[in-house]
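Okay, so here's the structure we're looking at.
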């Protein structure tokens, strides 16, 4: 009987040690993720099956080593915030893939991150762009409050076309915010959220 009690005791101790070690490892992964900016979680996707990346590579590089020149990732840390791509299989209902971003002309743009990739020393996102439909305040054009509210409404809410129009290759430092998306039949409404409210 003492032997059984001893076995249970050692089993319990080993389980507690295992849980403690796993917690330490998980915390180290979280800490490393928050410190290291850039893409992580390499995908099993082949660049040879992604026409948008193949054509981009042909435009910017003259090598024949596409599979080693470009590495594809599911997730990326940008300014201590984790962004997921649509290719990430565990994202479930998390919407950290629809983003507000900018380009060289400083236009405000919106889109869904299809994937992240590295090319030479740069990390980029392949983003499916959703064009602006019109100003959100146009919906309230007949309101007597239109002139006083339009500046503020148009800063926080954007009316976009329901379907994406083109792919953009965006350096990750040009990604500004994750957006909350409200889908309608023929348009979508998005509002950028602060990184403070992220729940990964």
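Numbering (the numbering used here), first residue to last: 7 to 206.
Glycine is no exception: its CB is placed at the ideal position from the N, C-alpha and C atoms.
As the crow flies, the alpha-carbon of residue 50 is around 19 Å from that of residue 103.
Counting along the chain, residue 73 sits inside the alpha helix (DSSP H) bounded by residues 72-75. One alpha carbon belongs to residue 125, the other to residue 145, and they sit about 42 Å apart. Here the alpha carbons of residue 116 and residue 107 stand approximately 6 Å from one another. Distance from the CA atom of residue 52 to the CA atom of residue 61, rounded to whole angstroms, is 14 Å.
Taking every protein chain shown into account, the CB of residue 176 has 16 or more other CB atoms within 10 angstroms, so this residue is buried. Looking at the backbone, the Cα of residue 92 and that of residue 152 are separated by about 37 Å. The beta carbon of residue 69 is closer than 8 Å to those of 75 in its chain, skipping five residues each way along the sequence. With a threshold of 16 other beta carbon atoms within 10 Å, residue 63 meets it and is buried.
Each residue's CA atom was taken as its position, placing residue 67 and residue 128 some 13 Å apart. At least 8 Å separates the beta-carbon of residue 101 from that of residue 196.
In this structure, residue 59 lies near residue 132, with their beta-carbon atoms less than 8 Å apart.
Only residues of its own chain outside the window of five on either side were considered, and among them 167 and 171 have a CB closer than 6 Å to the CB of residue 137, listed in chain order. Secondary structure within the stretch 96-173: the beta strand (DSSP E) runs of 3 or more consecutive residues, fully enclosed, are 104-108, 114-125, 128-135, 138-140 and 164-167 (chain order). Rounded to whole angstroms, the Cβ separation of residue 55 and residue 83 is 26 Å, and the two are not in contact under 8 Å.
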